[in-house]
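Those protein sequence lines, which keep their order, are chains C and R.
Under the numbering used here, the letters of the first sequence match residues 66 to 510, in that order.
Under the numbering used here, the letters of the second sequence match residues 2 to 190, in that order.
Just so you know, even glycine gets a beta-carbon here, dropped at the ideal spot from N, CA and C.
In what follows, a single structure is set out as C-alpha cells and then discussed.
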Amino acid sequence: MRRFAINLVGSRLGAALLLGLLIGTMPSRALGAERAATIKELQQKLDQSLKAIQALTQRVRDLEARQSGAPVAASPATGESGASSAPEPTRLEAVEQQLEQLETANASRSNDETGMPLHGFADVGAGTHNPINPDLKGFFVGNLDFYLTPRLSDRGRALFEMNTEVGSDGAVGVDLERAQIGYQLADQATLWLGRFHSPYGYVNTALHHGAWINNSVRRPGFLQFEDNGGIVPAHTVGLWLTGAPRIGSGKLQYDAYVGNSQQIVDGVLDMRNAGNAHGNLIVGGRLGYLFNAGAAEGLTLGVHAFSAHIGDNAVPADMTRVLSYGGYAVYDTEQWENIAELYLFDNEDLSGATGTHHSHAGFVQLGYRASWGVPYARYEITSLDQADNYFAAQTTGYSYHRSALGLRFDLSADAAVKLELADTQLTDRSRDQYSEGLMQYAIRF
Amino acid sequence: MFFGSHKPLYWRSQRLCAGLLCAGLLVVGGALAGSGGAMRLEQLPQQWRDDRGAPLALTELLGKRVVVAMAYTHCRTICPATIAELKRMQRLLDARGEQASFVIVGFDPDADDPASWHQYRINHHLERSNWHFLTGSRQATRQFAHQLGFDFWTYDTHVMHESRLVVFDAQGQWRGAVHPASANWPALL
Numbered sequence: 066m067r068r069f070a071i072n073l074v075g076s077r078l079g080a081a082l083l084l085g086l087l088i089g090t091m092p093s094r095a096l097g098a099e100r101a102a103t104i105k106e107l108q109q110k111l112d113q114s115l116k117a118i119q120a121l122t123q124r125v126r127d128l129e130a131r132q133s134g135a136p137v138a139a140s141p142a143t144g145e146s147g148a149s150s151a152p153e154p155t156r157l158e159a160v161e162q163q164l165e166q167l168e169t170a171n172a173s174r175s176n177d178e179t180g181m182p183l184h185g186f187a188d189v190g191a192g193t194h195n196p197i198n199p200d201l202k203g204f205f206v207g208n209l210d211f212y213l214t215p216r217l218s219d220r221g222r223a224l225f226e227m228n229t230e231v232g233s234d235g236a237v238g239v240d241l242e243r244a245q246i247g248y249q250l251a252d253q254a255t256l257w258l259g260r261f262h263s264p265y266g267y268v269n270t271a272l273h274h275g276a277w278i279n280n281s282v283r284r285p286g287f288l289q290f291e292d293n294g295g296i297v298p299a300h301t302v303g304l305w306l307t308g309a310p311r312i313g314s315g316k317l318q319y320d321a322y323v324g325n326s327q328q329i330v331d332g333v334l335d336m337r338n339a340g341n342a343h344g345n346l347i348v349g350g351r352l353g354y355l356f357n358a359g360a361a362e363g364l365t366l367g368v369h370a371f372s373a374h375i376g377d378n379a380v381p382a383d384m385t386r387v388l389s390y391g392g393y394a395v396y397d398t399e400q401w402e403n404i405a406e407l408y409l410f411d412n413e414d415l416s417g418a419t420g421t422h423h424s425h426a427g428f429v430q431l432g433y434r435a436s437w438g439v440p441y442a443r444y445e446i447t448s449l450d451q452a453d454n455y456f457a458a459q460t461t462g463y464s465y466h467r468s469a470l471g472l473r474f475d476l477s478a479d480a481a482v483k484l485e486l487a488d489t490q491l492t493d494r495s496r497d498q499y500s501e502g503l504m505q506y507a508i509r510f
Numbered sequence: 002m003f004f005g006s007h008k009p010l011y012w013r014s015q016r017l018c019a020g021l022l023c024a025g026l027l028v029v030g031g032a033l034a035g036s037g038g039a040m041r042l043e044q045l046p047q048q049w050r051d052d053r054g055a056p057l058a059l060t061e062l063l064g065k066r067v068v069v070a071m072a073y074t075h076c077r078t079i080c081p082a083t084i085a086e087l088k089r090m091q092r093l094l095d096a097r098g099e100q101a102s103f104v105i106v107g108f109d110p111d112a113d114d115p116a117s118w119h120q121y122r123i124n125h126h127l128e129r130s131n132w133h134f135l136t137g138s139r140q141a142t143r144q145f146a147h148q149l150g151f152d153f154w155t156y157d158t159h160v161m162h163e164s165r166l167v168v169f170d171a172q173g174q175w176r177g178a179v180h181p182a183s184a185n186w187p188a189l190l
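What follows is the structure in C-alpha cells.
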C-alpha cells in the first residue's frame, strides 16, 4: 500500500515533472527557433555590413591613391569567400584601426578649416586734392577695412567691421565702424543690437566702408561717414529691426531703429558709443518697395525719417531737435545703377530762441554697367541754414554743390581702378570753388 | 551564450559600419574639396528646394550630365556673365542634340528664397525644365560651396565671389571646373 502510494506519488511526480518539462520547453523551443532565425538574419546583416565596409575601404584607398598619383591596388574579393576568408575579430580589428586612422585624418582636416575667415577691403589713390580734405593733394592711403562675420547658430547673426583709416588730418586711426549682434526673430524680421549704419536712404546701408563695393570713388560729400565730413548721423548705437517680406512680386523693405542721440564733438558728429549724458534717443525708420518684375524690375522707391536731440560741446552747449525726412529712388539692374536721395531738415533750436530752421540736401547719380567698365555722373547739392546750430556747429556743415564724372574699371574680380573728375562750389560759409582729379585703386580680399 | 557572444559583435559592426561610412565620406569629401578631384555628385549636400519650393536631391539628376554654378539674384556683374555662359552651353548642347541639367545654387539663402529664384528665372527667360535654381540651408550652402571650390563671403547684402562652373558626367562623376569666361568649358561637355 505504501509502495503503491509511493509509486503513485512517484508517477504523479514524474507526470507533473514531464508536464512541467513539456510546458517549460515549449516556449524555449519556440524561442530557440526564433533566436536561431534572428541570429541567422544578424549573421547575414553582419556579412552585408562587412562587405560594405570592405567596399568602402577599397574605395577610400582608390580615391587616396588616385589623389596621390599612386597606382590603384586591385580590389580584394568582396564575395562570400572573401568575407569568410579571415576570422571576423581580426577583420573587425583591422576595420577599427582604419576607422581610427580616418577619424584622425578627418579631425586634423577639420582643424585646418576652423576659425573665422578674415575678409575686407583696402584702397589707395592719388589726386589733385585729397578726396576728404581738399586742402591736401598728392598720394593718399584710404581705408584698410576688416570685416568679420562669426558663424553662429541658424538664427544668430553677428557682424563686425574694423576700419583702419586715414583721417582728413592725415592721422591714422582705428575705428570699430560696426559692431552688431542680432537674432533672426522670423524669416523677415532680424533684430540687431550694437553699432550699425543708420538705415536711411540707400547709400548708407548699401555702400559701406569698403571702397571696392562702391562704383564711384566716394560717397556724396554730405553722406560721408562722420569723421570724413558727413553731416547726417551715419552710425547709430542702439537697436535695429529690419526685414524685407515679399509683397506681390517685389519686397517691402522696412527698418525701425532707436539709439543714443548723437552729439557734435569738436565739430564732428559722434555716435556716442558708450551712451550720452542726457539719455535722449534717436528714433527713425525707413520703408521702401523693391519692384522685381516687369519694366520696373530693379527699381526701389522709399521714404525715411529720423528724429533726435543732438547737442554740441560748446559752452554753453547748444541743443537741437533734428527732424530729418525724405525719400530715395534706386534703379539697380544689370545695366544701370541710378541713385537719388533727398533729405529735408526741420530743426528746432531747443537751447536758444532762433526757432525752427529748414534745410535740404540731395544727390542724383547715374551709372551704366558697360562690359568695359562703369561710367557715372553725379550731382549733389546742399542748402544748409547756417543759423541752425546743428549745421553751424559742424566743421563741414556748409552748403555746396558738386558735379562729378567718373569711371570704374574692374581689373579682376577683386580689384578695381576708379577715376573721377569733380567740380565743387561752396556757397555760404565761404565762397570757394575747386576742381579735382582723383584716382583710386580698391581691392577686396 | 551563443547569442550573448554575437550581440556585441553585431552592434560593434553596425557602429563601425555607420562610423566608417560617415568618416569615409567626410574624409573623402574634405580631401577632394579643394581641387574637386574625384568628387561625385552624390557626395554633395542633397537637401535643396527648387524655385517652386519643392524638395530636390542632386542625385535625382543622375542620368544626364550636370552643370553646376552658384549665384545670387541681386548680383549685377559676375552672375549675369555666368548665366550668359550657361545659356551658351545650353545652345551648344542643343546643337549637338545632347542633354544636361543646369543647377544654380543660391549663395545667400537668407536673401534669396525659392520665390526670388522663381521671379529671377522669369525675368531672365530661364524657364526650361532642365534648369534648377536651388535654395538650401546656410550650412548646406557653405558645405556645397566648400566641396566644389566656390569661394565666397557675404558683405551685408553683397556676396563677394568669383565665377566658376563645375561639370559632372551622367554618372555623377566630376568632369572638371572652369572659369566660365575662359574658352575651356566646351572640353568638359
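Cβ neighbours of C:Ser-195 in the same chain (closer than 7 Å, five flanking residues each side left out): Numbered from its first residue, the first sequence carries residue 195 of chain C at position 130. Position check: residue 195 of chain C holds Asn in this sequence, whereas Ser was assumed. Closer than 7 Å at Cβ, skipping near neighbours: Leu-201, Lys-202, Phe-205.
How many angstroms separate the CA atom of R:Leu-62 from the CA atom of C:Asp-240? Translated into positions along the second sequence, residue 62 of chain R becomes position 61. Translated into positions along the first sequence, residue 240 of chain C becomes position 175. Rounded to whole angstroms, R:Leu-62 to C:Asp-240 spans 50 Å at the Cα level.
Nonlocal neighbours in the same chain, by C-beta distance under 6 Å from C:Gln-505, ignoring five residues either side: Residue mapping note: residue 505 of chain C aligns to position 440 of the first sequence, counting from 1. Cβ within range, chain order: Asp-188, Gly-190, Val-282, Lys-483.
Considering only the alpha carbon of each residue, which of C:Gly-275, C:Asn-338, C:Arg-260 lies closest to C:Leu-304? For the purposes of this step, residue 304 of chain C is identified with residue 239 of the first sequence, where counting begins at 1. C:Leu-304 has its Cα closest to that of C:Arg-260, out of C:Gly-275, C:Asn-338, C:Arg-260.
Measure the C-alpha to C-alpha separation of R:Gly-88 and C:Gln-119 and round it to an integer number of angstroms. Here residue 88 of chain R refers to the residue found at position 87 when the second sequence is read from its first residue. Here residue 119 of chain C refers to the residue found at position 54 when the first sequence is read from its first residue. The sequence as given places Lys at residue 88 of chain R; Gly does not occur at that position. When rounded, the distance between both Cα atoms is 43 Å.
I'd like to know if R:Ala-116 contacts chain C, where contact means its C-beta is closer than 8 Å to some C-beta of that chain. Counting from one through the second sequence, the residue named residue 116 of chain R turns up at place 115. So yes, R:Ala-116 belongs to the interface.
Can you list, in chain order, the residues of the segment 146-157 of chain R whose Cβ is nearer than 9 Å to any Cβ on chain C? His-147, Trp-154, Thr-155, Tyr-156, Asp-157
If you measure from the beta carbon of R:His-159 to each beta carbon in chain C, is any gap under 8 Å? Numbered from 1 along the second sequence, position 158 holds the residue referred to as residue 159 of chain R. Closer than 8 Å: yes.
With DSSP as the reference, label C:Thr-460 as helix, strand or coil. Along the first sequence, read from residue 1 onward, the residue named residue 460 of chain C stands at position 395. Looking at C:Thr-460 - three-state DSSP - the assignment turns out to be coil, as it is neither helix nor strand.
Does any residue of chain R have a CB that is nearer than 8 Å to the CB of C:Asp-219? For this step, residue 219 of chain C is matched to residue 154 along the first sequence. It does; some Cβ of chain R falls within 8 Å.
Name the one or two DSSP bridge partners that R:Ile-274 has. Any answer about residue 274 of chain R is impossible in this case: the structure gives chain R only from 2 up to 190.
Are there three or more Cβ pairs, one per stretch, closer than 8 Å when the segment 336-345 of chain C is compared with the segment 369-380 of chain C? yes
Looking at the structure shown, is C:Ile-118 part of a helix, part of a strand, or coil, going by DSSP? Within the first sequence, the letter at position 53 stands for residue 118 of chain C. Correct three-state label for C:Ile-118: helix.
Thinking C-beta only, is R:His-162 closer than 8 Å to R:Phe-145? To locate residue 145 of chain R, count along the second sequence from 1; it is residue 144. To locate residue 162 of chain R, count along the second sequence from 1; it is residue 161. Taking 8 Å as the Cβ cut-off, R:Phe-145 and R:His-162 do not qualify as a contacting pair.
Taking the alpha-carbon of R:Cys-80 as reference, which of R:Met-90, R:Arg-143, R:Asn-131, R:Val-160 has the nearest alpha-carbon? Position 79 of the second sequence, counted from the first residue, corresponds to residue 80 of chain R. Minimum Cα distance to R:Cys-80 is reached at R:Val-160.
Cutting at 7 Å between CB atoms, please list the residues of its own chain near R:Val-167, excluding the five before and the five after it. Numbered from 1 along the second sequence, position 166 holds the residue referred to as residue 167 of chain R. If we look at R:Val-167 and ignore the five residues flanking it on each side, its Cβ neighbours are Gly-37, Val-69, Leu-149, Ala-178.
Could you name the residues of chain R that C:Asp-320 contacts, counting a contact when the two beta carbons are closer than 8 Å? As a first step, residue 320 of chain C is located in the first sequence; it is residue number 255 there, counting from the start. Near C:Asp-320 there are no residues of chain R at all, since even the closest Cβ is about 13 Å away, more than 8 Å.
Rounding to the nearest angstrom, what Cα-Cα distance links C:Val-302 and R:Met-90 in this structure? Walking along the first sequence from the start, residue 302 of chain C turns up at place 237. Walking along the second sequence from the start, residue 90 of chain R turns up at place 89. If I take the Cα positions, the gap works out to 50 Å.
Could you give the C-beta distance for R:Gly-207 and R:Gln-48, rounded to a whole number, given that I count them as a contact under 8 Å? No information on residue 207 of chain R is available, as it lies outside the stretch 2 to 190 that chain R covers here.
Uninterrupted beta strand (DSSP E) stretches inside the segment 218-260 of chain C (no shorter than 3 residues): 221-231, 237-251
Could you compute how far the alpha carbon of C:Ser-146 sits from the alpha carbon of R:Gln-172? Translated into positions along the first sequence, residue 146 of chain C becomes position 81. Translated into positions along the second sequence, residue 172 of chain R becomes position 171. With a pLDDT of 35 at C:Ser-146, under the threshold of 50, the modelled position of this residue cannot be trusted; read the value that follows with caution. Roughly 30 Å between the two C-alpha positions.
Suppose only complete runs of 3+ residues qualify. What are the beta strand (DSSP E) ranges in the segment 358-411 of chain C, listed by chain order? 364-377, 384-397
Less than 8 Å between C-beta atoms, sequence neighbours within five positions excluded: which residues of the same chain meet that for C:Ala-457? In the first sequence, the residue the question calls residue 457 of chain C occupies position 392. Hits under 8 Å: Gln-451.
Using 10 angstroms around the beta-carbon of C:Asp-497, count the other beta-carbons present and answer buried if the total reaches 16, otherwise exposed. Against the first sequence, residue 497 of chain C aligns to sequence position 432. Classification for C:Asp-497: exposed.
Terminal residues of the continuous beta strand (DSSP E) containing C:Gln-31? Beyond the ends of chain C as shown, which are 66 and 510, falls residue 31 of chain C; an answer cannot be given.
I believe C:Arg-13 touches R:Ala-116 by the beta-carbon criterion, under 8 Å. Please report the beta-carbon distance rounded to the nearest angstrom. As shown, chain C starts at 66 and ends at 510. That puts residue 13 of chain C outside it, with no answer to give.
With a threshold of 6 Å on Cβ separation, who are the neighbours of R:Met-71 within its own chain once the five nearest residues in sequence on each side are excluded? Locating residue 71 of chain R in the second sequence gives position 70, counting from the first residue. Closer than 6 Å at the Cβ level, and outside the excluded window around R:Met-71, lie Val-106, Phe-108, Phe-151.
Looking at the structure shown, is R:Trp-154 part of a helix, part of a strand, or coil, going by DSSP? Locating residue 154 of chain R in the second sequence gives position 153, where the first residue counts as 1. Of the three classes helix, strand and coil, the one that applies to R:Trp-154 here is strand, per DSSP.
Look up C:Glu-291 in the DSSP assignment and say whether it is helix, strand or coil. Locating residue 291 of chain C in the first sequence gives position 226, where the first residue counts as 1. Here C:Glu-291 sits in helix by DSSP.
Helix, strand or coil: which one does DSSP assign to C:Asp-475? Residue 475 of chain C sits at position 410 when you count from the first residue of the first sequence. Note: C:Asp-475 maps to strand in three-state DSSP.
Just mark C:Gly-502 as buried or exposed, buried being the case when its beta carbon has 16 or more other beta carbons within 10 Å. As a working mapping, residue 502 of chain C is identified with position 437 in the first sequence. Per the 10 Å Cβ criterion, exposed.
Applying the 10 Å Cβ sphere with the 16-neighbour rule, what's the burial state of C:Leu-415? By 1-based counting over the first sequence, the position of residue 415 of chain C is 350. Burial call: exposed.
Opening and closing residue of the alpha helix (DSSP H) in which R:Ile-276 lies: Nothing about residue 276 of chain R can be read from this structure; chain R reaches only from 2 to 190.
Chain-ordered neighbours of R:Pro-81 on chain C, where CB pairs are closer than 8 Å: The residue you call residue 81 of chain R lines up with position 80 of the second sequence. Going along chain C in sequence order, the residues near R:Pro-81 (Cβ under 8 Å) are Glu-399.
The segment 325-336 of chain C contacting the segment 376-390 of chain C, beta-carbon criterion three pairs below 8 Å: yes
So for C:Val-189, helix, strand or coil by DSSP? Stepping through the first sequence from its first residue, residue 189 of chain C is reached at position 124. Note: C:Val-189 maps to strand in three-state DSSP.
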